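Below: the structure, in structure tokens.
Numbering (UniProt numbering), first residue to last: 1 to 671.
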């Protein structure tokens, strides 16, 4: 396994000043204030920076500097949040002359709060020298004993040796390679006594930290802590199922989670702003149940973080997203949440709708679920549905049926890769839907036009350019007409004539650059232009003047290239209206460059030009292209390439924003 580009390092130590000194040395900065007042040094803080071409985040804690159980639990909770989606390593900043056997127990207790695997991801870093006094006090034996238990061994803090930091990073990479993990997945905090939760630790506030080993032995056999490499493993032979509960109502989600896990305690009324994951063994099957927070109540950054975390915590992926819906008419908040969920994950086959009633399932509930509106919700937001009552004695049997259905579906789990591709898939679907509607409109219009058009082989031409007068001149020249339009149109104008037995369809494309048209209207007109030329455009005729190009000319050319892409090059002919006062036909360098960038074809034209000569050139182009034309499918492919590129840029930016602190060297302080 190659080294990861980002590292999240958690510092744990008794001496706050030494912790900050180590953090500053790792980052090569002085942003951790070593002289800060005592009350400020009790705050957890995380700072990010770029070191040796890697993004390093150092999270400084005070976990060994307090005896209050509640403060320890709260700090671990904040640290888990700051290191999302998980820390890579814990660095124990210790001093030989100030470390006792009780401190060793405290260290192991704190690490166990994060995960039972945390000690394998731990490096002991000593910042002082062993002294005779510490040897006599047996403190060095305590430190050395802890070093043997830690997966990363021991390092001596060295501010003089420039290679010390590189050695630390190398040790971290070795740990990740040895454990075969990208990062450590920590326990989730939640209410007491459920699955892989450590919220139950709050009930131990009166106990000694020495007792954690006994508690660990006494824990329920169906509860376990998983790491990134083993969350997809089941010890029963049955496939482990990963389920995500989503919806607007946090109480219903928590109630369903408890039903799945066979827990009978009262549900939470207040919703969490982070994912809450529980793992439990039920009827011989290992299941993972994640409660996704209500996304419509989070900021965009929090939405990105929690949805990404939700999927990344479920290895090899989410088997089923369960949309929890009450057996009552939907509120605006319910609908907004559903739309948010659908827009982000964009995978109907991985979703089911679970209707929940506070009482039992009776005929009125069944009628509600079978109603047209409820079935419409199922068709929009899921692939199937079920119903259960919170007070129904049969709900445990119903849950088992749901698990069996999920298992029997054999659908490929919703993976992190699917999540990352969801925005592209959503944009593609929306665009295709819009194009489908427009295609139907165009087909209706084409059907009407077809009844008026003469029979014969048709040549589809589109005249484009920034100069409306020149476009009108060329159109009249080709069609042998003298039509004059008093008003400037922002709509595609199509004219059909029959010349020498050949049906010609000619459209004038409106000016696209520097107009009052919105981007949506520009795209509508270009799509309409192509759609009206069934089966597609044979030749685009781009009109430019026999003079230096102005800003409007350049802008129009760039817009045409942006919208139609390089696919237009094989279908475009550049016409240059020659100035009658000029005796030669020499073209300036910019005009020659434009011609070459658009396929290399051009034709000079003036008042004496024979239309037959121009038509010969156009017919020759069509023959060279074997009758191929620029169709609506070609336009769609060109637009999808651009959208895919833009969505990829946005996605990368969003993920970077999600994982980064607010810029390099930005300090995050949590009270």
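A virtual CB, placed ideally from N, CA and C, is assigned to each residue, including glycine. As the structure is a computational prediction, the values presented were derived from the model and not from experiment.
- For the pair residue 287 and residue 240, the CB atoms are nearer than the 8 angstroms cut-off.
- Around the Cβ of residue 430, a 10 Å sphere holds fewer than 16 other Cβ atoms; the residue is exposed.
- The DSSP assignment places complete alpha helix (DSSP H) segments of no fewer than 4 residues inside the segment 233-263 at 250-261, in order along the chain.
- The segment 118-129 and the segment 148-164 touch, with three or more beta-carbon pairs separated by less than 8 angstroms.
- Under the three-state reduction of DSSP, residue 564 is assigned to helix.
- Per the Cβ contact rule, the segment 610-630 is not in contact with the segment 509-528 (fewer than 3 Cβ pairs under 8 angstroms).
- Taking one beta carbon from each stretch, the segment 343-359 and the segment 367-385 have 3 or more pairs nearer than 8 angstroms; the two touch.
- Secondary structure at residue 505: strand, using DSSP grouped into helix, strand and coil.
- For residue 531, the number of other beta carbons within 10 angstroms of its own is at least 16, and it is reported as buried.
- Annotation for residue 90: the continuous beta strand (DSSP E) segment containing it runs 89-94.
- Residue pairing by DSSP places residue 172 in no beta bridge whatsoever.
- Around the beta-carbon of residue 170, fewer than 16 other beta-carbon atoms lie within 10 Å, marking it exposed.
- Residue environment: residue 305 is assigned as buried (16 or more neighbouring CB atoms within 10 Å of its CB, all protein chains considered).
- With respect to residue 19, residue 28 sits apart: the two C-beta atoms are not nearer than 8 angstroms.
- The alpha-carbon of residue 575 is positioned some 12 angstroms away from that of residue 615.
- For residue 350, there is no enclosing alpha helix (DSSP H), since its DSSP letter is neither H nor E.
- Judged by beta-carbon spacing, residue 543 lies beyond the 8 angstroms limit of residue 476, meaning their Cβ atoms are not closer than that value.
- The alpha carbon of residue 650 has as its nearest neighbour, out of 311, 422, 178, 100, the alpha carbon of 422.
- Boundaries of the alpha helix (DSSP H) around residue 395: 395-409.
- For residue 293, the three-state secondary structure derived from DSSP is coil.
- By the 16-neighbour rule on beta-carbons within 10 angstroms, residue 117 is buried.
- For the 8 angstroms CB-CB criterion, residue 464 and residue 509 form a contact.
- Residue pairing by DSSP places residue 50 opposite 55 in a beta bridge.
- A contact is defined here as three or more CB-CB pairs under 8 angstroms, and the segment 362-374 fails this definition with respect to the segment 331-338.
- With fewer than three CB-CB distances shorter than 8 angstroms, the segment 641-648 does not count as touching the segment 542-556.
- Counting along the chain, the unbroken alpha helix (DSSP H) around residue 521 starts and ends at 519-532.
- The residue among 355, 548, 181, 627 with its C-alpha nearest the C-alpha of residue 589 is 548.
- Excluding the 5 residues flanking it on each side, residue 323 has same chain C-beta neighbours closer than 8 angstroms at 246, 247, 338, 341, 351, 352, 353, 354, 381, 382, in chain order.
- Judged by DSSP secondary structure, residue 602 falls within the beta strand (DSSP E) whose first and last residues are 602-605.
- When the beta-carbon positions are compared, residue 64 and residue 103 come within less than 8 angstroms of each other.
- Around the Cβ of residue 375, a 10 Å sphere holds fewer than 16 other Cβ atoms; the residue is exposed.
- Contact between residue 83 and residue 165 fails: their C-beta atoms lie close to 19 angstroms from each other, not under 8 angstroms.
- Annotation for residue 440: no residue places its beta carbon closer than 8 angstroms to its own, counting only its chain and skipping 5 residues before and after.
- Relative to the Cα of residue 360, the nearest Cα in the group 372, 395, 332, 491 belongs to 395.
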